Each structure stands twice: as structure tokens, then as C-alpha cells.
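**Student:** Numbered according to our numbering, the sequence shown spans residues 3 to 179.
Glycine included, C-beta positions come from ideal geometry on N, C-alpha and C.
Bear in mind the structure is a predicted one, so any value in this text is a computation, not a measurement.
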Amino acid sequence: MSSSHSKVRIVENPNELYEYSKNVRLPHKPVPVTSHAAKLYEEANLIIDIPFDLSSSLGLDYPASCPNLLSGYMHISPNDLFKQDGVVSYTSLCLYVIRDHNTTNIFDEGQVNWLKSDLLVIPYQTQPLEHFAHDDTALYYVHDGPLLKYRQVKPSEKCFLTTIFREKVLTTKVENI
């Protein structure tokens, strides 16, 4: 499946995968060991955003899974559209496709097609993302919104193109670790 817009970059080289935690570390209380059960999105029968919010345990006054990131699940029912409004709230968004293959409309990049087990990295947006599900869809997301809240800053421009890491590239990289 290909994307319908030429501005999208598809990574084919596993050497282009970088580990985030080696680049950003904030002072914080210990992050509690807990789980965010898959049944939360498996049992959902509607469009839903299910953040993994540990802010109360971390002593933060904004949603966060750890001091610099927020993660969670998204469930989108068949033939539904989910508008994800991240305008001015993060510099980048990672989406891992748990289930199905569908499309996301990115305001200035067009329609991006994604497959099960793909990883999308989407830069700061000035308009909401529109995720359309043909079938029952589950996504896992991570973004740096808590880091921006902590630093009291807002993004102002894109620094990279939307990038899709296909399953094969991800698998190859993990197998070579």
C-alpha cells in the first residue's frame, strides 16, 4: 500500500531508527510499575482515546505516562473518522498500528496509508489529524506533550516530514539487536 502524497518519507534502512530515552531525561518522581491492559481497546465498541495517564502518581498537573511522554491506545470503529487534535500540544506523535490498515489525512501532507505493525512518526500539526478506519482499528500512540508542558513551550513549525517505518524494517532492526 502506498501513500498518495510525495511529501511522505518511507524509511527502508533500519539504521535510521533512534532510541528516544537517550536524548531526553527530566527530573521526576519514580514512575510506578503498572499496566495499560490491551482489553481497554479490545473491548471498546466506539471511537475512543485511552491515555495511560499516571500524572497523579508523578505529581504532575497535566496528563503524562512519564515526565516527558504521554502514551495510550486509540480505538476506531469500522467506517468511522477520529479527529485527533494535537495542535500546539506536541512536537511529534508516534503511532503504532496494532490492528488493521487504514488512512490518516494530514493537513499539509495529504492522505497517508498505513498497515498493521507500521510505525508512523508525525510532526507538529496546525490542523487536527483525521484517522479513517475501514475496519475495526487499534493504535498505540506516544507523544512529547508532557515535555512541552514541563518546559512551558509550544511548537511553532515542523522540523521533519511524516515518516512511516514499515513492519519489515522494524522487525529487521529488532532482530539485529
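Tell me, please, which residues DSSP counts as bridged to Gln127.
**Tutor:** DSSP lists no partner for Gln127.
**Student:** May I ask you to report which of helix, strand or coil DSSP gives Pro16?
**Tutor:** Residue state, collapsed to three classes: helix.
**Student:** Do the CB positions of Arg181 and Thr139 come within less than 8 Å of each other?
**Tutor:** The requested residue 181 does not occur in the structure, where the chain is confined to residues 3 to 179.
**Student:** Using the rule of at least 16 other Cβ atoms within 10 Å of the residue's Cβ for burial, across every protein chain shown, is Thr93 buried or exposed?
**Tutor:** Buried: at least 16 other Cβ atoms inside 10 Å.
**Student:** Using the Cβ count rule (16 or more neighbours within 10 Å means buried), how would you classify Thr173?
**Tutor:** Burial call: exposed.
**Student:** Please classify Leu83: is it buried, with 16 or more other beta-carbons within 10 angstroms of its beta-carbon, or exposed?
**Tutor:** It is exposed - the Cβ of Leu83 has fewer than 16 other Cβ atoms within 10 Å.
**Student:** Just to confirm my understanding: we take Lys175, look at its own chain, exclude 5 residues before and 5 after, and list those with CB closer than 6 Å. What are they?
**Tutor:** The answer, listed in chain order, is Pro16 and Leu19.
**Student:** Return the CA-CA distance between Ser119 and Lys170, expressed in angstroms with no decimal places.
**Tutor:** Whole-angstrom Cα-Cα distance: 9 Å.
**Student:** Would you mind reading off the limits of the beta strand (DSSP E) that contains Tyr142?
**Tutor:** Per DSSP, Tyr142 belongs to the beta strand (DSSP E) from Thr139 to His145.
**Student:** Among His103, Asp146, Leu149 and Lys151, which one has its Cα closest to the Cα of Phe134?
**Tutor:** When each option's Cα is compared against that of Phe134, the closest is His103.
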